[in-house]
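The letter at position 78 of the sequence shown is residue 184 when you use the numbering used here, and the numbering goes up by one with no holes.
See structure below.
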Amino acid sequence: MKPAFSKKMGRWFLTDRVRDQVDWWGTPQSLGEDPPPVQKPVADGAELIRLPERADWKLPACELVEAIANRESHRRFSDTPLRLDELAFLLWSTQGVRRYLHEAAMLRTVPSAGCRHPFETYLVVLRVEGLVAGVYRYLPLDHALILESASDGLAQRITAAARGQRFAGQAAVTFIWSAIPARTEWRYAEASAKVIALDAGHVCQNLYLACGAIGCGTCAIAAYDQDLADALIGGDGNDEFVVYLSPVGKLTCI
107 MKPAFSKKMG RWFLTDRVRD QVDWWGTPQS LGEDPPPVQK PVADGAELIR LPERADWKLP
167 ACELVEAIAN RESHRRFSDT PLRLDELAFL LWSTQGVRRY LHEAAMLRTV PSAGCRHPFE
227 TYLVVLRVEG LVAGVYRYLP LDHALILESA SDGLAQRITA AARGQRFAGQ AAVTFIWSAI
287 PARTEWRYAE ASAKVIALDA GHVCQNLYLA CGAIGCGTCA IAAYDQDLAD ALIGGDGNDE
347 FVVYLSPVGK LTCI
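This is how it looks when you write it as structure tokens:
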């Protein structure tokens with residue numbers, strides 16, 4: 107039986123009253139525990155796919171005011187693949203590292219509560235020049251990718267994970283952000299859930315604007331099958347799980 111919907115509890119989640127209930131002297135940070143790694147480790151022997159650096163990007167000039175004014179969701183994409191430098195730009199725009207401060211913090215291209223940055227970025231790649239179709243993970247500290255898995259029927263799997271939204275399987279690449287709550291919980295304990303959700307919005311808005319700068323479109327997806335999405339990236343559903351998806355592709359003429 108499904109639990110009854112509690113409007114009061116749902117709205118309470120959007121307030122900051124939870125902060126008053128946190129034992130701030132009992133958080134892992136206050137207890138002197140080491141923070142979780144800022145990037146998931148890479149298996150020994152895994153091959154890193156280095157991405158083009160900023161100096162090598164061949165991108166058109168784009169005015170910020172124009173990008174903001176033209177921001178909209180797109181669900182129709184052409185068959186044109188993304189170039190690797192375009193993908194590198196989108197990844198840098200959404201989770202790129204500006205400066206590594208110390209083991210507990212790094213400055214990125216997006217804000218995050220307490221500089222905790224709880225997300226890992228996965229890519230369901232269908233059409234990107236130089237990459238075989240597969241599920242990849244972005245390594246922001248290395249500005250590189252690793253191939254997590256490659257299998258047949260990837261377009262069908264991402265479509266199913268997006269609850270049948272077909273444009274996910276028609277995109278050149280779908281960005282999938284997973285949360286590792288422990289990164290934020292290390293500092294914020296029970297107050298982490300709200301700020302993790304806010305952080306996801308910061309990341310996806312940057313993706314929208316970056317897509318507009320290179321003639322691409324995207325449409326954020328918050329309605330997805332949790333179990334199928336987690337299985338796609340190898341998340342366990344508790345310590346790591348999907349929180350947001352956004353398919354990206356070159357725009358097609360209407």
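Note that beta-carbon positions come from the ideal geometry of N, C-alpha and C, so glycine has one too.
From a predicted model like this one, the values you see are computed outputs, not experimental measurements.
Subject >> N-terminal and C-terminal residue of the alpha helix (DSSP H) that K300 is part of >> reply: Note, K300: alpha helix (DSSP H), S298 to A319.
Subject >> Where L207 falls, given that 16 or more other Cβ within 10 Å makes a residue buried >> reply: Exposed, by the Cβ-count rule.
Original post:
Expressed to the nearest angstrom, what Euclidean distance is found between the alpha-carbon atoms of L357 and Q135?
Top reply: Roughly 45 Å separates the two Cα atoms.
Original post:
Pick from A295, A266, L193 and K164: whose alpha carbon is nearest that of I155?
Top reply: When only C-alpha atoms are compared, the closest one is L193.
Original post:
Alpha carbon to alpha carbon, how far is T255 from E178?
Top reply: The sequence shown places Ser at residue 255, not Thr. For S255 and E178, the distance between alpha carbons rounds to 31 Å.
**OP:** Look at A306 and W283 and say whether their C-beta atoms are less than 8 Å apart.
**Re:** It is a contact, given that the beta carbons lie within the stated cut-off.
Original post:
Hey, would you say R222 sits closer than 8 Å to L213, going by beta carbons?
Top reply: Between R222 and L213, the C-beta spacing is not below 8 Å.
Subject >> Neighbourhood of D140 by C-beta, 8 Å cutoff - its chain only, sequence neighbours within 5 removed >> reply: E209.
Subject >> Expected contact under 8 Å - CB spacing of E235 and L170 to nearest Å >> reply: 27 Å between Cβ atoms; not a contact.
Original post:
From R181, Q145 and K146, pick the residue whose C-alpha is nearest to that of C317; which is it?
Top reply: That would be R181, whose Cα lies nearest to the Cα of C317.
Original post:
Does the region 143–160 come close enough to the region 235–246 to have 3 or more Cβ pairs within less than 8 Å?
Top reply: The way I'd put it, the region 143–160 does touch the region 235–246; three or more beta-carbon pairs between them come closer than 8 Å.
Original post:
Going by C-alpha distance, which of Q311, L334 and I339 is nearest V216?
Top reply: If we check each option's Cα against that of V216, Q311 comes out closest.
Original post:
Do you know how far the Cα of F119 is from the Cα of L197?
Top reply: For L197 and F119, the distance between alpha carbons rounds to 30 Å.
Original post:
With 8 Å set as the bound, which would you pick, yes or no: does the beta-carbon of Q311 sit closer than that to a beta-carbon of chain B?
Top reply: Protein chains in the displayed structure number just one, and chain B is not present.
Subject >> Contact between the region 335–342 and the region 290–304 (3+ Cβ pairs under 8 Å) >> reply: Pairwise C-beta distances place the region 335–342 out of contact with the region 290–304, as fewer than three of them are shorter than 8 Å.
Original post:
How many whole angstroms separate the CB atoms of I264 and V230, which I take to be in contact at a CB cut-off of 8 Å?
Top reply: Indeed they touch by this definition, with Cβ atoms about 5 Å apart.
Original post:
Can you name the residues that DSSP bridges to R156?
Top reply: DSSP lists A250 as partners of R156.
Original post:
In whole angstroms, what separates the C-alpha of A267 from that of E159?
Top reply: A straight-line Cα-Cα distance of about 32 Å links A267 and E159.
**OP:** Could you please give the first and the last residue of the uninterrupted beta strand (DSSP E) stretch that includes P353?
**Re:** Unbroken beta strand (DSSP E) run through P353: F347 to K356.
Original post:
Which first and last residues belong to the alpha helix (DSSP H) in which F119 is found?
Top reply: K113 to L120 is the extent of the alpha helix (DSSP H) around F119.
**OP:** Grab me the residues of P142's own chain with a C-beta within less than 8 Å of its C-beta, minus the 5 sequence neighbours each way, in chain order.
**Re:** Closer than 8 Å at the Cβ level, and outside the excluded window around P142, lie I286, A288, R289 and W292.
Subject >> Where the alpha helix (DSSP H) through V279 begins and ends >> reply: No alpha helix (DSSP H) contains V279, which is instead part of the beta strand (DSSP E) from V279 to A285.
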